[in-house]
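Okay, so here's the structure we're looking at.
Numbering (my numbering), first residue to last: 19 to 464.
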């Protein structure tokens, strides 16, 4: 496939703003139970602090990677010109932003109900080979080089966006002065926005770059390219006219949860939860194009990729005419699996003014699969000072991509603002995570 397509796709999706699954780490284990807690575990809808909880908005923005820190960019603004040099491991990037719109939760005796709205998307780079990336940049800079790559696993650049309308229902199974047991479910209508995926699986090749040409030889492997055909507009991206595809539901997602609480004078002493999140998938609609390319270029035979020109259909015809590529179109009924995770947490309050929580999340789907959205494995420990309506919390996270980070946040009533990485960003110039979360809610009734 044309290397210009690789580099364009890579930098377009990796530089855009992304919106992703709900990840309000630190604040989601607050002693004040609101709709964010219910989004983490639908069984928490039964533990709302107020009888009626109204979330006005919540925003979470985060970026994790494993090769660049903010200090690297500050020290060398041209670092992207040789970003893959001296990198000896697969490149990974995960972006997390969540925009949660109006949400309402109601608690009625043994039953509780909620309605949520949320916009999500993901931009992920998964196991990208640094030798391939370096070859692309060297070619773009006009340098002479020869690179041999051998990639046994599927590497991906993936971007997606969708909306959710959630209906939460919870039921208290047991409720005494000593303890309580609750279950809950969140049924979500999914409204697909846009989806794109570039996946290169079991790819081996020799890339020969010179000032005049770029050649492929001794190449085998497969490539998956899935994209919204509205990207083919002659004026560039043309998604704004009907980004949400007429607001037609494209699938159903489900979160399931269970919660157990030990009480002390009507105040939680120990709160334990387990949730299974994002079961389900969504169809991307009739304007989604999905193509699989199989390449087989024998040793001592060469294919000149810099000669490829035209639109995608014209490039495809050139690939087929070369005899080295086989193309399979499978545009019908493209379904994308949500980022499935299992999550568990423990909140312990030895005294009313102090809480410590432990939250863990594990992905239960294969992120190298071209139709699976990814979620990061992580664990977060959060000590919290509680002084009436005021909470001061400090989340410390071990993240699959950015490793160890620490942050700080505060909450007063229904308002919160914080970060999972602000402390380590100031203490450690090599921090590879940047994030912020904030929101506002209001509750009334006892």
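We put the CB at the ideal spot given by N, CA and C, even for glycine.
Take the alpha-carbon of residue 87 and the one of residue 423: they are about 12 Å apart. Take residue 315, set aside five residues on each side of it, and the residues of its chain with a beta-carbon closer than 8 Å to its own are 223, 234, 235, 236, 237, 238, 321 and 342, in chain order.
Assignment of beta-bridge partners to residue 380 by DSSP yields 360. For the beta strand (DSSP E) assignment, the uninterrupted runs of no fewer than 3 residues enclosed by the region 149 to 188 are, from N- to C-terminal side, 163 to 169. Counted as a single uninterrupted DSSP element, the alpha helix (DSSP H) harbouring residue 445 occupies residues 440 to 445.
Taking C-beta atoms under 8 Å as the contact rule, residue 143 and residue 175 qualify, at a distance of about 5 Å.
Apart from sequence neighbours up to five positions away, the residues of its chain that approach residue 385 with a beta-carbon distance below 6 Å are 144 and 392, ordered along the chain. Residue range 330 to 340 is occupied by the alpha helix (DSSP H) that includes residue 337.
Taking the Cα of residue 103 as reference, the smallest distance to any Cα among 184, 165 and 89 is reached at 165. In the displayed model, residue 108 falls within coil according to three-state DSSP, outside both helix and strand. Counting C-beta atoms within 10 angstroms of its own C-beta, residue 210 has 16 or more neighbours from the protein chains shown and is therefore classed as buried. CA-to-CA, the gap between residue 229 and residue 265 works out to about 49 Å. Going by C-alpha positions, residue 212 is about 29 Å away from residue 187.
For residue 55, there is no enclosing beta strand (DSSP E); the residue is part of the alpha helix (DSSP H) that begins and ends at 53 to 58. 412 is the residue among 435, 428 and 412 whose C-alpha sits nearest the C-alpha of residue 441. Take the alpha-carbon of residue 460 and the one of residue 50: they are about 11 Å apart. The Cβ atoms of residue 113 and residue 141 lie closer than 7 Å to each other.
Approximately 7 Å separates the beta-carbon atoms of residue 75 and residue 119; this is inside 8 Å, confirming the contact. For residue 195, there is no enclosing beta strand (DSSP E), since its DSSP letter is neither H nor E.
Straight through space, the alpha carbons of residue 216 and residue 355 are spaced by roughly 16 Å.
The DSSP-derived three-state label of residue 389 is coil.
Burial of residue 46 is indicated by the presence of at least 16 other C-beta atoms within 10 angstroms of its C-beta. Contact check for residue 407 against residue 431 passes: the beta carbons are separated by less than 7 Å. Residue 306 sits in a strand when the DSSP states are folded into three classes. Counting every other CB atom within 10 Å of its CB across the protein chains shown gives residue 437 a total of 16 or more, marking it as buried.
Comparing alpha carbon positions, the residue from 275, 420, 363 and 289 closest to residue 60 is 275. In this structure, residue 171 keeps its C-beta atom at 7 Å or more from the C-beta atom of residue 136. Around the beta carbon of residue 129, fewer than 16 other beta carbons sit within 10 angstroms, so the residue counts as exposed. Between residue 376 and residue 364 a beta carbon distance of about 5 Å is seen, short of the 8 Å cut, so the two are scored as contacting. Just so you know, the alpha carbons of residue 199 and residue 190 end up roughly 6 Å apart. Per DSSP, the unbroken beta strand (DSSP E) holding residue 295 starts and ends at 285 to 301. Of the candidates 285, 388, 415 and 277, 277 places its Cα closest to the Cα of residue 56. Spatial neighbours of residue 294 in its own chain (CB-CB distance under 6 Å, excluding positions within 5 residues in sequence) are listed in chain order as 274 and 360.
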